[in-house]
Amino acid sequence: MTFTPEVEHPAVWLDVDGAVGVIRLDRPPLNVLDRATQAALRLAAERAATDERVRAVVVYGGPTVFSAGADIKEMAAMTHAEMVGHAAVLQAAFDAVAAIPKPVVAAINGPALGGGCELALTADARICGSEARLGLPEVLLGVIPGAGGTQRLPRLIGPARAKELIFSGRQVGAKEALEIGLVDQVVPTDQVLDSALRWARRFETGPALALHAAKTAIDAGLATDLAAGLAIERSVFAGLFGTQDRTSGMQGFITEGPGRARFTGR
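What follows is the structure, given as C-alpha cells:
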C-alpha cells in the first residue's frame, strides 16, 4: 500500500484509503513514543474519530516495528512533579485511540513493547506478524505501565496472566500472544497490513451508528457492574430506533432478506 497522508505530522499521520483510516506511526527506527509523538497520536485519533469518510481504522507501525514504547531518555530526565502533570496527558493520547467510535485494529510487526503494547491494547482487535514480540517491560525500569497497560491487559487476558507479564516484564512471541488472547490473528510478516485492511474493510458499508453503539455498550459495560451495563445497553439499543439505518436494515430484511440492507450512517 502506498500512503498519501491527508493529516500529516513528522511522527504520526492519518491516511484515508477509501473508507478506512490508517494511523501510521512514522518515527524510525523504532517508533519511540516521545511527548511530541503522543500529541500527534491524539490528534490523528481525534481526526479519525470525526472524519465521516472513515468507517474503520487501522493502527500501523510499518513493516518492521510497531513501537518499542516510550522515549526512556526523555522520561529519565523528568521529575516526579513533571510526571504527575504529564501522566494524564500520556493516558489521554492512548484514550483517544480507544475512544474512536469505529472498529479499530492494530497491525503489528516486530516489537510492540511498553507503550507500543499499550497502544495495541487500545484497539478492538490485534493482528500480528509471525515475528512480532509483545510485552510490558516497565517493571525492569523500576516503574509500571502508565498508558493503560495495568487496566486494559487484565480485561483482555485475565488478571493472573496480566500480572505474570507485568511482574516479570517478559516479552511474548506471536504464538504465545495468540494462545493467551493478547492478539486475535497471526499471519506472515508481509501480510500484516493487508490482513488488517481486510478486517477493516468489512465495515466500510456497515451500519456506522450500530457499530458505534455496540462498541459503546461493550466498552462502557466492561467498566461497570452487570446491572449498569444492561442499562447502558438498553439506552444505546433504544437510541438506534431513531436512525435511518435501523429503518433501512429492518425494511431490507423484510423485503429482500438478511444481509441486503444498504446503510448510510444516518
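Using my numbering, the letters of the sequence shown map in sequence onto residues 590 to 855. Cβ atoms here follow ideal geometry from the backbone N, Cα and C, with glycine treated the same way.
{"Check": "Expressed to the nearest angstrom, what Euclidean distance is found between the alpha-carbon atoms of Gly747 and Thr794?", "Outcome": "34 angstroms"}
{"Check": "In the DSSP output, which residue or residues are listed as bridge partners for Gln774?", "Outcome": "Ile716"}
{"Check": "Which of helix, strand or coil does DSSP assign to Gly658?", "Outcome": "coil"}
{"Check": "Would you say the stretch 630-648 touches the stretch 753-766, given that touching needs at least three Cβ pairs under 8 angstroms?", "Outcome": "no"}
{"Check": "Are the stretch 714-722 and the stretch 810-823 in contact at 8 angstroms, needing three or more beta carbon pairs?", "Outcome": "no"}
{"Check": "Which whole runs of the alpha helix (DSSP H) in the stretch 603-691 are 4 residues long or more, in chain order?", "Outcome": "624-639, 661-665 and 669-687"}
{"Check": "From the DSSP secondary-structure annotation, give me the bridge partner or partners of Gln760.", "Outcome": "Gly724"}
{"Check": "Does DSSP put Ala695 in a helix, in a strand, or in coil?", "Outcome": "strand"}
{"Check": "Exposed or buried, which one is Lys752 when buried takes at least 16 other CB atoms within 10 Å?", "Outcome": "exposed"}
{"Check": "Which two residues bound the contiguous alpha helix (DSSP H) that contains Pro743?", "Outcome": "Gly738 to Ile746"}
{"Check": "Would you report the Cα separation of Glu671 and Leu771, rounded to the nearest angstrom?", "Outcome": "32 angstroms"}
{"Check": "Please work out which residues of its chain come closer than 7 angstroms, Cβ to Cβ, to Arg855, disregarding the five sequence neighbours upstream and downstream, and give them in chain order.", "Outcome": "Thr832, Gln833 and Asp834"}
{"Check": "Grouping DSSP H, G and I as helix and E and B as strand, with all else coil, what is Val732?", "Outcome": "coil"}
{"Check": "Output the distance between the C-alpha atoms of Phe830 and Thr836, rounded to the nearest integer angstrom.", "Outcome": "8 angstroms"}
{"Check": "With a cut-off of 8 angstroms, do at least 3 Cβ pairs link the stretch 800-811 to the stretch 613-624?", "Outcome": "no"}
{"Check": "Closest to Leu723 by C-alpha separation, out of Gly737, Ser784 and Ala657, would be which residue?", "Outcome": "Ala657"}
{"Check": "Going by alpha carbons, who is nearest to Val693 out of Ala809, Asp623, Ile807 and Val609?", "Outcome": "Val609"}
{"Check": "What residue range is occupied by the uninterrupted alpha helix (DSSP H) comprising Ala817?", "Outcome": "Leu815 to Gly828"}
{"Check": "Based on the DSSP output, what are the partners of Ala701 in its beta bridges?", "Outcome": "Ser656 and Leu723"}
{"Check": "Could you give the residue range of the alpha helix (DSSP H) that holds Asp860?", "Outcome": "As displayed, the chain neither begins before 590 nor continues past 855, which places residue 860 out of reach and without an answer."}
{"Check": "What is the C-beta distance between Leu725 and Pro734, in whole angstroms, given that I count them as a contact (C-beta under 8 angstroms)?", "Outcome": "5 angstroms"}
{"Check": "Along the alpha helix (DSSP H) that carries Arg855, what are the first and last residues, could you check?", "Outcome": "Here Arg855 belongs to no alpha helix (DSSP H), and DSSP marks it neither H nor E."}
{"Check": "Can you give me the C-alpha to C-alpha distance between Val776 and Thr844, rounded to a whole angstrom?", "Outcome": "40 angstroms"}
{"Check": "Over what stretch of residues does the alpha helix (DSSP H) that includes Ile807 continue unbroken?", "Outcome": "Ala797 to Leu811"}
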